[in-house]
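Here is the structure we will look at.
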Amino acid sequence: MSGLLRAFARLLPLALLTGCAAKSPALVSEALQPAAGGPVTYLVGSIGPLGRDSAYTNQRILLRKRGAQDGAAAWWGFAEVAHTPKDIEEVRGPDKQALPGEASVFVMPLKPGDYEFYDFQFFWNGYNGGYSSIRAREQFLVPMHLEAGKAYYIGEFRSRCLGLSACMFFHGDQQPRDEVIARRYTPGLPPLQALNLNMAPAFPFVMPLPQAAQPAK
Amino acid sequence: MKKILFLSASLLLAGCAGTQTLPDPRIEAGQDYLPPIAVMVDSLEHGTELRNYLRESGVFSKVENGVAGEGQTQVMVKLDAQRKVAPAPLLFLSAATLFLLPLQSDLDTKADFTVMRDGKVLKRYHYENYMAKYAWLLDLGIPEREENIRRVARAFARDMQAANQASKPLEAQR
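Next up, the structure:
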């Protein structure tokens, strides 16, 4: 019994430390994970709330292999036990006194092939165990072809919400900033090339970042 | 006695797998996307679900909800998905056992797809899929019900892809 307690006492700090560590903002289902030594392609971008409105909650953009249910997601989370790295923290917009928005840079290793960006999700854990979530009722299709040995920049996805009923992402280009952070996470990352996706099918859930919300140069 | 208990527990924990009469359609990968389609479904419950499964098939470049524009393909779907549930006395009996007694929870789907362009009917497709399932407290059979509609959508996507590959332009029926 005392041995068990001793083992528990040793493991507890380790468990607490790993529990508090930031989680990877890239989630890839097993079927899409590249095999060891096999061909790999990288999808790089950033995701997070633009400010401290209702969008300051768990959120993710969803991708899937074309024609399959196998999926991958880039997510941002802020909960104490499941948060993603605070890679970017800045105030956007005219109110410089506002609390800063945050974002995480993701580097998603995938098997090469055809993929689709098809949906997003915001979810809130309310008080008393309440839970609410929103996503697109009618999904959309933004196709992309990812080749082996290449790294693609999908852009930054910064969210805004009106209450808990209407949320959307602003899509912008911050490749130089995100690339520096991405290379810190994955040193051997191939040269990053912009995907230049046509996000029109994802309207109104994904819209171009307005000029007023561009970061100050 | 232990064996019987173990077998009963495994059966309850594993649930009763649902069966579908329509095999999972094989869609050829690597083909070009087909032009956009506009899909109207006469089912409030399953309309969005069906369109999302058509999007998931990876066959169409765009699946819109509503009326097609000029020259665009319109698909009208008559979807009849009937739940077949156990008779009331069995339902009460199951409730009395806190839903540990499995209950029939089947889904019988019949779907008619009419492909049109500029008001002319080009082709009609008919699919049937019967999902048989015994559901209980910890296994309500929701994934099986979703799979039932998904297979119907994928069967239509496969047939549209095959019609396109056969290079037989869909012509108006006389």
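Here the protein sequences come in this chain order: A and B. Heads up: the first sequence at position 85 corresponds to 84 in numbering that gives the first Met the number 0, and the numbers run straight through without jumps. Heads up: the second sequence at position 51 corresponds to 50 in numbering that gives the first Met the number 0, and the numbers run straight through without jumps. Backbone N, C-alpha and C define an ideal beta-carbon position, used for all residues, glycine too.
Could you name the residues of chain B that residue i contacts, counting a contact when the two beta carbons are closer than 7 Å?
| i | result |
| --- | --- |
| V200(A) | In the sequence as presented, Val is not what sits at residue 200(A); that position holds Pro. Residues of chain B passing the Cβ test: K61. |
| G66(A) | I26, A28, S56, G57 |
So, is the C-beta of residue i closer than 8 Å to a C-beta in chain B?
| i | result |
| --- | --- |
| E29(A) | no |
| Y130(A) | no |
| Y117(A) | yes |
Could you say which of the options lies nearest to residue i if we only look at CA atoms?
| i | options | result |
| --- | --- | --- |
| V27(A) | A181(A), D69(A), R9(A) | D69(A) |
| A201(A) | H170(A), G92(A), A78(A) | H170(A) |
| A37(B) | D31(B), R54(B), R25(B), P24(B) | R54(B) |
| Y152(A) | R136(A), G129(A), R182(A), A54(A) | R182(A) |
| R91(A) | E101(A), H82(A), T83(A) | E101(A) |
| A193(A) | M167(A), K149(A), P203(A), T83(A) | K149(A) |
| K22(A) | I87(A), G44(A), P38(A), A78(A) | A78(A) |
| T47(B) | A162(B), E69(B), A165(B), I148(B) | I148(B) |
| Q81(B) | T108(B), E146(B), V62(B) | T108(B) |
Using a Cβ-Cβ cut-off of 7 Å (strictly less than) and excluding sequence neighbours within five positions of residue i, which residues of its own chain qualify?
| i | result |
| --- | --- |
| R144(B) | L106, M130 |
| L42(A) | M107, L109, L145, Y151, I153 |
| S56(B) | I26, A152, R153, A156 |
Excluding the 5 residues preceding and the 5 following residue i in the sequence, name in chain order all residues of the same chain whose CB lies nearer than 8 Å to its CB.
| i | result |
| --- | --- |
| R173(B) | Reliability fails at R173(B), whose pLDDT of 38 lies under 50, so the model's placement of it is uncertain and the value that follows must be treated cautiously. Same-chain partners within the cutoff: there are none. |
| P207(A) | F169, H170, G171, M198 |
| L136(B) | L97, F98, L99 |
| Y117(A) | L61, L62, R63, Q138, F139, L140, V141 |
| Q71(B) | P34, P35, I36, A37, R116 |
Determine which residues share a DSSP beta bridge with residue i and list them.
| i | result |
| --- | --- |
| D111(B) | K77(B), H125(B) |
| F5(B) | Its beta-bridge partners do not exist; DSSP assigns none. |
| C23(B) | Per the sequence shown, residue 23(B) should be read as Asp rather than Cys. Partner(s): none; D23(B) has no beta bridge. |
| I176(B) | This structure does not reach residue 176(B), given that chain B is present from 0 up to 173, and the question cannot be answered. |
| T18(B) | A131(B) |
Residue i touches chain B at which residues, Cβ-Cβ below 9 Å?
| i | result |
| --- | --- |
| R134(A) | Correct list: empty, because the minimum Cβ distance to chain B is about 11 Å. |
Got a sec: is the Cβ-Cβ distance from residue i to anything in chain A below 8 Å?
| i | result |
| --- | --- |
| I26(B) | yes |
| G57(B) | yes |
| T72(B) | no |
| N163(B) | no |
| N64(B) | yes |
| T96(B) | no |
| A154(B) | no |
Closer than 7 Å by beta-carbon distance: list the chain A residues that pair up with residue i, in chain order.
| i | result |
| --- | --- |
| R54(B) | Y117, Q138, L140 |
| T47(B) | R136, E137 |
So that I know if they touch, is there some Cβ in chain E lying closer than 8 Å to that of residue i?
| i | result |
| --- | --- |
| R50(B) | Included in the structure are the protein chains A and B, with no chain E among them. |
Excluding the 5 residues flanking residue i on each side, which residues of the same chain have their C-beta closer than 6 Å to its C-beta?
| i | result |
| --- | --- |
| R51(A) | L98 |
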